[in-house]
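One structure is given below, encoded as structure tokens.
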Amino acid sequence: GLFWGTLWSVVGATLGAIGAFLLARYFLKDWVKSRFRRHKALGSFHQAVLHKPLAFVLAVRFAPISPFNIVNFLFGLTAIDLRNYATGTFLGIIPGTLAYTWLGVAGEEALQGGDRLPFFLALGMLTVLSLLPMCLKHKGT
Numbered sequence: 006g007l008f009w010g011t012l013w014s015v016v017g018a019t020l021g022a023i024g025a026f027l028l029a030r031y032f033l034k035d036w037v038k039s040r041f042r043r044h045k046a047l048g049s050f051h052q053a054v055l056h057k058p059l060a061f062v063l064a065v066r067f068a069p070i071s072p073f074n075i076v077n078f079l080f081g082l083t084a085i086d087l088r089n090y091a092t093g094t095f096l097g098i099i100p101g102t103l104a105y106t107w108l109g110v111a112g113e114e115a116l117q118g119g120d121r122l123p124f125f126l127a128l129g130m131l132t133v134l135s136l137l138p139m140c141l142k143h144k145g146t
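Numbering (this note's numbering), first residue to last: 6 to 146.
What follows is the structure in structure tokens.
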């Protein structure tokens with residue numbers, strides 16, 4: 006269902022993100038750095054983490070279009086502490102996970118001949134969440 010599906014997905018994704026973060030920080034630091042050293046955005050990423058760590062993690066996680074696995078490794082290269090990273094990840098992925106889970110639950114109901122309105126509402130929510138970071142960035146410029 007929607008509640009348990011969302012809860013277990015958020016818990017599982019957060020634990021996986023913490024694992025990747027710790028791997029990047031303590032075991033794969035040189036490899037991850039070599040893979041992303043050429044990217045200009047890495048410096049900006051690091052500066053944003055230093056300025057407002059929790060707020061930056063929340064902003065990155067809130068966008069369900071950000072590359073989740075890559076971001077886990079990139080955060081491991083920064084100076085962010087585990088508490089801010091884990092808290093920001095847990096809270097920040099709730100909206101997108103809720104939308105994806107609702108889409109699955111509502112889609113199953115619609116495919117079984119039930120009401121289709123919840124499916125389209127969930128699809129709309131996911132669309133809004135996906136476009137929101139771009140709209141906010143555009144508004145801020």
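Think of the CB as a built atom: it goes at the ideal place given N, C-alpha and C, for glycine as much as any other residue. From a predicted model like this one, the values you see are computed outputs, not experimental measurements.
Item, Value
"Using the Cα positions of Arg30 and Leu136, report the straight-line distance between them to the nearest angstrom.", "31 Å"
"Give the straight-line distance between the Cα atoms of Pro72 and Thr94, rounded to the nearest whole angstrom.", "13 Å"
"Exposed or buried, what is Leu79 when buried is set at 16 or more other beta-carbons lying within 10 Å of its beta-carbon?", "buried"
"Do you know how far the Cα of Gly129 is from the Cα of Gly119?", "18 Å"
"Given Lys38, which residues of its chain have a CB within under 7 Å of its CB, disregarding the five upstream and five downstream residues?", "Leu82"
"Could you pull the start and end residues of the alpha helix (DSSP H) that Thr106 belongs to?", "Ile99 to Leu116"
"Would you mind sorting Ala25 into buried or exposed? The rule is 16 or more other CB atoms within 10 Å of its CB.", "buried"
"Taking Cβ to Cβ, would you say Gly21 is nearer than 8 Å to Arg66?", "no"
"Express the C-alpha separation of Phe32 and Asp86 in angstroms, rounding to a whole number.", "16 Å"
"Are Val15 and Thr102 touching if we call contact CB-CB under 8 Å?", "yes"
"Regarding Arg88 and the ligand COA, is the C-beta to nearest heavy atom distance less than 7 Å?", "Ligands are entirely absent from the displayed structure, and the ligand COA is therefore not among its contents."
"May I have a chain-ordered list of the alpha helix (DSSP H) segments no shorter than 4 residues that lie completely inside the region 51-96?", "58-67 and 73-81"
"Tell me whether Phe8 is buried or exposed, calling it buried when 16 or more other Cβ atoms sit within 10 Å of its Cβ.", "exposed"
"Going by C-alpha distance, which of Lys57, Leu126 and Ala127 is nearest Ala84?", "Lys57"
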